[in-house]
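Right, one structure below, let's go through it.
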Amino acid sequence: MLHIPIDRDHSLPVYKQIYEWIKNEILQGTLTSETKLPSKRTLASSMNVSQNSVLSAYNQLIAEGYLYTKERSGYFVETIQPIRPHHVEKKLDPKLLETPAKSYRYSFSHMGVDSSLFPVQSWHQCAQKAISEDQTLLSEINHPQGTYKLREIVANKIRHTRGVFCEPEQIVIGASTQWLLQLFLFVIAEHEPFAIEEPGYHRLSSLLKTLGHDVYHVPVDTHGLNVEKLRETPATVAIVTPSHQMPTGSIMPVSRRTELLYWSYEKEERYVIEDDYDSEFKYEGDIIPSLQSLDVNGKVIYIDSFSKSLLPDLRMSYMVLPLGLIDVFKEKGLHFMQTTSVLTQLTLARFLDSGEYDKHIKRMSKYYKEMRAKVIEAIQERFGTRVRVEGEKAGLHFLLHLDTEEPVEPIMERADKMDIELYSIQRFMHGQVGSAPPTLIIGFAKLKPEEIYEAVEALYQCCFPE
Ligand SMILES: *Cc1c(COP(=O)(O)O)cnc(C)c1O
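Start counting the sequence shown at 1; every next residue gets the next number (the UniProt record's numbering).
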């Protein structure tokens with residue numbers, strides 16, 4: 001007879017308790033295959049429960065394949081291999097528990113923007129229109145390259161703002177720069193060695209290494225990636241940030257641009273990926289056209305993102321493939337489903353098309369220009385000759401070189417203790433920086449205008465504690 005313990009105060013109904021008990025005995029191998037179970041009447045009376053409870057438990061066990069019935073002879077255990085646990089982790093290691101993201105008193109991050117300046121209302125209106133007027137598009141499976149309507153509008157926008165001439169067929173929408181790079185790797189550059197700027201956007205370099213690519217870190221100078229040094233590597237694809245080098249802030253002059261393009265023209269397998277992440281914001285002189293706009297041989301893959309111009313959490317970026325790569329992409333790349341939400345794509349399409357985006361960029365450029373000036377002024381006032389600013393002519397961050405004997409680590413530790421989000425150039429370096437004086441990345445998009453003076457004072461205390 002089975003001795004099934006029943007707890008009548010338990011929240012699980014009686015039949016469930018019977019079911020769970022028998023199921024576990026079978027899975028652990030204590031009730032072996034072909035064992036005959038007691039009839040429902042016998043079991044019910046021995047346990048002092050209703051026959052219905054036993055019947056429900058048996059029926060569920062039959063439905064899941066634990067038991068079977070033989071006509072007129074009763075219920076039997078199926079042949080099931082017992083599953084026994086190995087000696088594996090049964091509980092999450094407390095070290096791996098996630099803690100809420102730290103909230104900072106002041107943030108000099110180069111990645112975020114101030115979300116309170118996002119035009120929530122006009123975005124909402126565009127979303128509402130998209131829901132009511134683009135319904136058929138919302139219920140279909142999205143094209144792997146993204147909604148055609150958005151690609152058309154983006155193609156039109158970058159022709160005017162970045163000098164990028166392309167057809168919507170060349171555009172691939174995706175949820176992040178990293179994802180688009182992965183798509184490019186899977187489909188086009190599966191085994192190619194890459195060159196990355198040093199210092200540079202370290203996330204891309206770790207991604208490439210994780211995917212098994214050789215990565216060469218090529219130094220940048222005041223004109224951007226050093227092409228002579230690039231030539232010393234076997235890299236076939238170079239990733240660059242010519243509009244505003246990440247992190248040094250330098251803008252690549254046309255001489256270096258043509259030198260880089262010339263490098264890519266020498267061999268068929270060579271390509272340049274242009275990461276144009278914060279090109280909307282340029283403070284002195286006109287916006288500089290993209291590297292892609294100079295390319296006459298289809299060697300530049302242009303990637304841009306709405307993370308800096310709108311919000312990082314929209315997760316909306318896009319890539320423009322050269323014409324010569326479209327057929328390879330159509331052959332292999334279309335197996336990858338679209339990663340962004342169609343509603344966000346359609347909302348963005350309307351936001352761009354209605355002129356709201358241009359209005360927002362205009363407002364933000366003016367705002368960032370003022371913020372940049374105020375932050376630099378506050379820094380110069382407080383730090384005097386102990387700092388030098390670099391790379392401030394565009395984008396949402398600049399470099400701050402400190403005149404101090406101290407290494408950078410204690411500065412970062414003090415920032416952490418004071419709840420200040422602060423990064424140094426080390427974060428963007430692969431190699432050792434040696435004994436170079438500390439250099440900080442000062443992002444100003446997340447600071448509030450009214451806190452500039454306090455934030456700069458706190459920054460000074462991190463760098464030169466009294
Ligand atoms: C912010 C940023 C991007 C944008 O990345 P997403 O993943 O598209 O948000 C790309 N490159 C650099 C260097 C950046 O700073």
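Ideal placement from N, C-alpha and C gives every residue a C-beta, glycine not left out.
This one's a predicted model, so the numbers in the text were calculated from it and none came from an experiment.
*Do residue 340 and residue 174 have their C-beta atoms within less than 9 Å of each other?*
Here residue 340 corresponds to residue number 340 of the sequence shown, with the count starting at 1. Here residue 174 corresponds to residue number 174 of the sequence shown, with the count starting at 1. Judged by their CB atoms, residue 340 and residue 174 are nearer to each other than the 9 Å cut-off.
*Take the Cβ of residue 274 as the centre, count every other Cβ of all protein chains shown within 10 Å, and call the residue buried at 16 or more, exposed below.*
Position 274 of the sequence shown holds residue 274. Label assigned to residue 274: buried.
*Other residues of its chain near residue 257: CB distance less than 7 Å, five sequence neighbours each side excluded*: Reading the sequence shown from its first residue, position 257 is the one you call residue 257. So the qualifying residues of the chain are 242, 291, 294.
*asked:* Taking the beta carbon of residue 24 as the centre, do at least 16 other beta carbons fall within 10 Å, making it buried, or is it exposed?
replied: Walking along the sequence shown from the start, residue 24 turns up at place 24. By the C-beta density criterion, residue 24 is exposed, having fewer than 16 other C-beta atoms within 10 angstroms.
_Closer than 5 Å between the C-beta and any heavy atom of ligand 1: which residues qualify, listed along the chain?_
176, 177, 201, 246, 275, 277, 305, 307, 317
_Close-in-space but distant-in-sequence residues of the same chain around residue 47 (CB under 7 Å, 5 per side omitted)_ = Taking the sequence shown and counting its residues from 1, the one referred to as residue 47 is at position 47. Closer than 7 Å at Cβ, skipping near neighbours: 4, 6.
*For residue 189 versus residue 216, is the C-beta spacing smaller than 9 Å?*
The residue labelled residue 189 in the question sits at position 189 within the sequence shown. The residue labelled residue 216 in the question sits at position 216 within the sequence shown. Their beta carbons are not under 9 Å apart, which means residue 189 does not touch residue 216 by this criterion.
*asked:* Judging by CA-CA distance, which residue of 363, 365, 311, 440 is the nearest neighbour of residue 409?
replied: Position 409 of the sequence shown, counted from the start, is the residue given in the question as residue 409. Looking at the Cα atoms, 440 is the closest of the given residues.
*Indicate whether the contact test is met: 3 or more Cβ pairs, each with one atom in the segment 381-401 and one in the segment 96-103, closer than 8 Å.*
no
*Environment of residue 259 [buried if 16+ CB atoms lie within 10 Å]*: Here the question's residue 259 lines up with position 259 in the sequence shown. Answer is buried; the Cβ neighbour count reaches 16.
*Let me know the secondary structure DSSP gives residue 335 once reduced to three states.*
Reading the sequence shown from its first residue, position 335 is the one you call residue 335. Looking at residue 335 - three-state DSSP - the assignment turns out to be helix.
*Just the Cα atoms here: how many angstroms apart are residue 420 and residue 198?*
Taking the first residue of the sequence shown as position 1, residue 420 is located at position 420. Taking the first residue of the sequence shown as position 1, residue 198 is located at position 198. Approximately 26 Å, taken between the alpha carbons.
*Under the three-state reduction of DSSP, which class applies to residue 252: helix, strand or coil?*
Start at 1 with the first residue of the sequence shown, and residue 252 comes out as number 252. Reduced to three states, the DSSP call for residue 252 is coil.
*Considering only the beta carbon of each residue, do residue 108 and residue 352 sit closer than 9 Å?*
Start at 1 with the first residue of the sequence shown, and residue 108 comes out as number 108. Start at 1 with the first residue of the sequence shown, and residue 352 comes out as number 352. Not closer than 9 Å, so no.
*According to DSSP, which residues form a beta bridge with residue 238?*
As a first step, residue 238 must be located in the sequence shown, where it is residue number 238. Residue 238 is bridged to 195, 272.
*Which residues in the same chain as residue 193 place their Cβ atom closer than 8 Å to its Cβ, once the five residues preceding and following it in sequence are excluded?*
On the sequence shown, position 193 is the one that residue 193 refers to. Closer than 8 Å at Cβ, skipping near neighbours: 213, 214, 215, 216, 233, 234, 235, 236, 237.
*Buried or exposed: which applies to residue 470, given that a residue is buried once 16 or more other Cβ atoms fall within 10 Å of its Cβ?*
Only positions 1 to 466 of the chain appear in this structure, which leaves residue 470 out of reach.
*So residue 6 is in the alpha helix (DSSP H); what residue range does that whole segment cover?*
On the sequence shown, residue 6 is found 6 positions in, with the first residue counted as 1. Run containing residue 6: none; DSSP gives neither H nor E here.
*To which residues of the same chain is residue 512 closer than 8 Å at the C-beta, ignoring the five residues directly before and after it?*
This structure leaves residue 512 out entirely; the chain is present only between 1 and 466.
*Helix, strand or coil for residue 416 per DSSP?*
Locating residue 416 in the sequence shown gives position 416, where the first residue counts as 1. The answer is helix: DSSP assigns residue 416 an H, G or I state.
*Check whether the Cβ atoms of residue 338 and residue 146 lie closer than 9 Å to each other.*
Locating residue 338 in the sequence shown gives position 338, counting from the first residue. Locating residue 146 in the sequence shown gives position 146, counting from the first residue. In this structure, residue 338 sits near residue 146, with a CB-CB distance shorter than 9 Å.
_Using a 10 Å radius around the Cβ and a threshold of 16 neighbouring Cβ atoms, would you call residue 91 buried or exposed?_
As a position in the sequence shown, residue 91 is number 91, starting the count at 1. By the neighbour-count rule (16 or more Cβ atoms within 10 Å), residue 91 is not buried but exposed.
_Would residue 110 and residue 423 be called neighbours here (beta carbons separated by less than 9 Å)?_
Within the sequence shown, the letter at position 110 stands for residue 110. Within the sequence shown, the letter at position 423 stands for residue 423. Their beta carbons are under 9 Å apart, which means residue 110 touches residue 423 by this criterion.
*Over the uninterrupted alpha helix (DSSP H) stretch that includes residue 360, give me the two end residues.*
The sequence position of residue 360 within the sequence shown is 360, counting from 1. Where residue 360 is concerned, the enclosing alpha helix (DSSP H) stretches over 356-383.
*Taking residue 69 as part of the beta strand (DSSP E), name the residues at either end of that continuous run.*
For the purposes of this step, residue 69 is identified with residue 69 of the sequence shown, where counting begins at 1. 67-70 is the span of the beta strand (DSSP E), which, as asked, contains residue 69.
*Counting only runs that start and end within the segment 140-218, where is the beta strand (DSSP E) found for 3 or more residues in a row?*
List check, beta strand (DSSP E) in window: 171-174, 194-198.
*asked:* Taking 7 Å as the limit between beta carbons, can you name the residues of its chain near residue 50, skipping five residues before and five after?
replied: One-based indexing of the sequence shown puts residue 50 at position 50. Excluding positions up to five away in sequence, the list reads 44.
*Beta-bridge partners of residue 439, as assigned by DSSP*: Along the sequence shown, read from residue 1 onward, the residue named residue 439 stands at position 439. Note: residue 439 sits in a beta bridge opposite 401.
*May I ask which residues mark the beginning and end of the beta strand (DSSP E) holding residue 319?*
Residue numbering aside, residue 319 sits at position 319 when the sequence shown is read from its first letter. Membership of residue 319 in the beta strand (DSSP E) is indicated by the continuous run 317-320.
_Residue from 231, 279, 9 with nearest C-alpha to residue 250_ = By one-based count along the sequence shown, residue 250 stands at place 250. The shortest Cα separation from residue 250 among 231, 279, 9 belongs to 279.
*Nearest-angstrom beta carbon gap, residue 81 and residue 320 [assumed within contact, 8 Å]*: Against the sequence shown, residue 320 aligns to sequence position 320. Against the sequence shown, residue 81 aligns to sequence position 81. The pair is not a contact, with the Cβ atoms about 54 Å apart (cut-off 8 Å).
_CB contact flag (residue 438, residue 407, <9 Å)_ = Indexing the sequence shown from 1 puts residue 438 at position 438. Indexing the sequence shown from 1 puts residue 407 at position 407. At a Cβ-Cβ threshold of 9 Å, residue 438 and residue 407 count as neighbours.
*Check whether the Cβ atoms of residue 177 and residue 302 sit closer than 9 Å, and answer yes or no.*
Numbered from 1 along the sequence shown, position 177 holds the residue referred to as residue 177. Numbered from 1 along the sequence shown, position 302 holds the residue referred to as residue 302. The answer is no: Cβ separation not under 9 Å.
_For residue 272 and residue 336, I'd like the C-alpha separation in whole angstroms._
On the sequence shown, position 272 is the one that residue 272 refers to. On the sequence shown, position 336 is the one that residue 336 refers to. Answer to the nearest angstrom: the Cα atoms are 23 Å apart.
_Please classify residue 465 as buried or exposed, where buried requires at least 16 neighbouring CB atoms within 10 angstroms._
Taking the first residue of the sequence shown as position 1, residue 465 is located at position 465. Under this definition residue 465 is an exposed residue.
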